[in-house]
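To start, the structure itself, in C-alpha cells.
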Amino acid sequence: MYQINIHEAKTQLSKLVEEAAQGEEIIIAKAGRPVARLVPLATNEGKTRTPGGMKSQILLADDFDAPMSDEELALWNDSPIFPKQGQ
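Under the numbering used here, the first residue of the sequence shown carries the number 8, and numbering increases by one thereafter.
See below:
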C-alpha cells in the first residue's frame with residue numbers, strides 16, 4: 008500500500024489501475040489528506056451457488072402476501088419517501 012497525490016494519480020491512472028488489478032492498494036490524497044482508496048475488485052471465483060441452498064433458512068411470516076390494511080395503505084401511499092409522479 009502506498010499514497011499518491013491526486014495530480015500524479017491523474018497522469019498515471021492506467022498504471023495505478025493495473026497495480027490495483029494485481030492486488031496493490033493505493034491511497035489517493037488531495038493536499039496531503041487521504042480521500043480515496045484504489046483496490047482490486049473482489050471476485051466470485053471459487054464461490055458457487057447451489058440452487059435451493061438457502062431453503063429453510065429464510066423465514067416469511069404466514070401473512071407475508073396478505074393485503075395491506077387501510078392504515079398500511081395510507082402510510083404507503085401518502086409517504087413523502089415515495090412521492091406521487093409530478094410532485
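Virtual Cβ for every residue (Gly too), placed ideally from N, Cα, C.
A quick note: this is a predicted structure, and the numbers were derived from the prediction, not measured.
In this structure, V46 and E26 do not form a Cβ contact; the two beta carbons are roughly 10 Å apart against a cut-off of 8 Å. For L45, the enclosing beta strand (DSSP E) starts and ends at R40 to L45.
In its chain, beyond the 5 residues on either side, Q10, I11, N12, I13, A16, P41, V42, A43, R44 and L45 have a beta carbon closer than 8 Å to the beta carbon of I35. Judged by DSSP in its simplified three-state form, N84 adopts helix. Shown here for A81: not one same chain residue has a beta carbon closer than 8 Å to its own, the five before and five after excluded. Going by C-alpha positions, G60 is about 14 Å away from L66.
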